[in-house]
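Novice: Chains as they are written, first to last, in my numbering: chain Y, 1 to 93; chain C, 94 to 186. Got a structure for you, written out below as structure tokens; questions coming shortly.
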């Protein structure tokens, strides 16, 4: 068994997990139920993994965590944007 | 720098990231904006990490992924339960 390839597969699937959440939020324009604290902690934890990967010169860990951080920052930005938009909507209607 | 301890810290924070999401869902009884596909893919990816950890006899990877899978299954169950409850509510009101 090629365990390195298996680890790369595991990292890719875990990272890809955030894609359907971004797509769902983009479609519904609604991410109120998402917790900022979840996305924030995931960013912090993956930031540490990134430093770990750089220190260990491990390309898979570096790539997976850069992608994961980018997707979580995207979700935080989307949630913030949609929360402001729906506030305005509620005020005007 | 003790990189093993740093890695344990990174794993602990990433795993802990799901706790505030569970608490938020429990408080609002509403997880409609969460994507089943996100939690499902995260479970699958962490299941692969768990197998990887068992194969490599790496206790940190094993523990972090068991906890992560448990939390994502909890979120899937909560979302399903709350979606049924709110459906009933909408039918009756």
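Even glycine gets a Cβ: it sits at the ideal position worked out from N, Cα and C. Just so it is clear, the structure is predicted and the values come from calculations on it, not from any experiment.
1) Alpha carbon to alpha carbon, what distance is there between residue 179(C) and residue 121(C)?
2) Is the shortest distance between the beta-carbon of residue 179(C) and the beta-carbons of chain Y less than 9 Å?
3) Quick one: which residues of the stretch 62-81 of chain Y get their C-beta closer than 7 Å to a C-beta of chain C? List them in chain order.
4) So, with DSSP's three-state summary, where would you put residue 174(C)?
5) Report the residue from 51(Y), 79(Y), 17(Y) and 65(Y) whose alpha carbon sits nearest the alpha carbon of residue 133(C).
6) I need the DSSP call for residue 196(C), collapsed to helix, strand or coil.
7) State the CB to CB distance for the pair residue 49(Y) and residue 65(Y), rounded to an integer number of angstroms; the pair is presumed to be in contact (CB under 8 Å).
8) Give the single residue among 117(C), 148(C) and 130(C) whose Cα lies nearest to the Cα of residue 175(C).
9) State the CB to CB distance for the pair residue 34(Y) and residue 107(C), rounded to an integer number of angstroms; the pair is presumed to be in contact (CB under 8 Å).
10) Rounded to the nearest angstrom, what separates residue 79(Y) and residue 115(C) at their Cα positions?
11) Do residue 46(Y) and residue 148(C) have their C-beta atoms closer together than 9 Å?
12) Under 7 Å Cβ-Cβ, which residues of chain C neighbour residue 35(Y)?
13) Does any C-beta atom of chain Y lie closer than 9 Å to the C-beta of residue 125(C)?
14) Which word fits residue 103(C), buried or exposed, when buried means at least 16 other C-beta atoms lie within 10 angstroms of its C-beta?
15) Determine the DSSP secondary structure at residue 1(Y), reduced to helix, strand or coil.
16) Between residue 14(Y) and chain C, is any beta-carbon pair separated by less than 9 Å?
Specialist: In terms of the structure at hand:
1) 12 Å
2) no
3) Answer in chain order: no residues at all.
4) helix
5) 17(Y)
6) No statement about residue 196(C) is possible, as the shown extent of chain C runs from 94 to 186 and does not include it.
7) 4 Å
8) Residue 117(C) holds the alpha-carbon nearest to the alpha-carbon of residue 175(C) among 117(C), 148(C) and 130(C).
9) No, residue 34(Y) and residue 107(C) are not in contact; Cβ-Cβ is about 17 Å, not under 8 Å.
10) 17 Å
11) Residue 46(Y) is not a Cβ neighbour of residue 148(C), given a cutoff of 9 Å.
12) 113, 114 and 117
13) yes
14) buried
15) Collapsing the DSSP output to three states places residue 1(Y) in coil.
16) yes
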